[in-house]
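First the structure, in the form of structure tokens, and then the observations on it.
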């Protein structure tokens, strides 16, 4: 019975990781309003080492259309600006010599539709991760039954039902994340 609990706990952890990853990926998708998380994937050349932008500068959003970046060292300013321009975000950063200001343009209807599709793809990948966790847990449970380690078929069936319940819960969480993101994107 202890082994069954371990497999259930492992499945739950893997499903949580799939949801957390999806949530992080959804955070990078632009939803019309400026957010510091939009720059999360950008790496800046910092003394010869690619470094995440949030480790070389403070990033804030004074309003819904502006991202304000203040590098901690003035020497990094041009590298930060170059990294933003080279990213696939399509931003045109403006520098005043000490800070970088990005004006986030209004989303077009076509772009909003593309972002919703991208969001659906991200959550579908999360669901695949959750389902793979379910499959792995069920395989381990069946293996346990075949080995005859003192567990009954009823115990295994019960554990498989618990795994399915976990799967349903995490798929529902992903659907809720998608609904929330879709609302954010489509709100003008």
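Residue numbers (the working numbering): 841 to 1028. A virtual CB, placed ideally from N, CA and C, is assigned to each residue, including glycine. Predicted model only: the values in this text are computed from it and were never measured.
Task: Inter-residue spacing [alpha-carbon to alpha-carbon] between residue 933 and residue 899 - done: Their Cα atoms are separated by approximately 13 Å.
Task: Among 980, 1011, 912, nearest to residue 996 - alpha-carbon criterion - done: The shortest C-alpha separation from residue 996 is found at 980.
Task: Reference residue 842; option with closest CA among 991, 1024, 1005, 1010 - done: Ranking the options by Cα distance to residue 842, first place goes to 991.
Open item on the list: In this structure, how does DSSP classify residue 910 when only helix, strand and coil are distinguished?
Closed with: It is a strand residue.
Open item on the list: Please return the same chain residues whose Cβ sits closer than 7 Å to the Cβ of residue 852, not counting the five positions on each side in sequence.
Closed with: The answer, listed in chain order, is 1006.
- [ ] For the beta strand (DSSP E) containing residue 886, list its first residue and its last residue.
- [x] Start and end: 883-886.
Open item on the list: I'd like to know whether the C-beta atoms of residue 908 and residue 918 end up nearer to each other than 8 Å.
Closed with: Taking 8 Å as the Cβ cut-off, residue 908 and residue 918 do not qualify as a contacting pair.
Task: Alpha-carbon to alpha-carbon, residue 964 and residue 957 - done: Whole-angstrom Cα-Cα distance: 10 Å.
- [ ] Could you please give me the residues that DSSP links to residue 1029 through a beta bridge?
- [x] Absent from the model: residue 1029. The displayed extent of the chain is 841 to 1028, so no value can be given.
Open item on the list: By alpha-carbon positions, which one of 896, 903, 945 ends up nearest to residue 921?
Closed with: Taking each of 896, 903, 945 in turn and checking the Cα distance to residue 921, the smallest one comes out for 896.
Task: Segment limits, alpha helix (DSSP H) that includes residue 1025 - done: Run containing residue 1025: 993-1026, per the alpha helix (DSSP H) assignment.
Task: Candidates 886, 894, 929, 893, of which the one nearest residue 955 by Cα - done: With respect to the C-alpha of residue 955, the residue from 886, 894, 929, 893 having the closest C-alpha is 929.
Task: With 16 other Cβ atoms within 10 Å as the buried cut-off, status of residue 959 - done: Flag for residue 959 reads buried.
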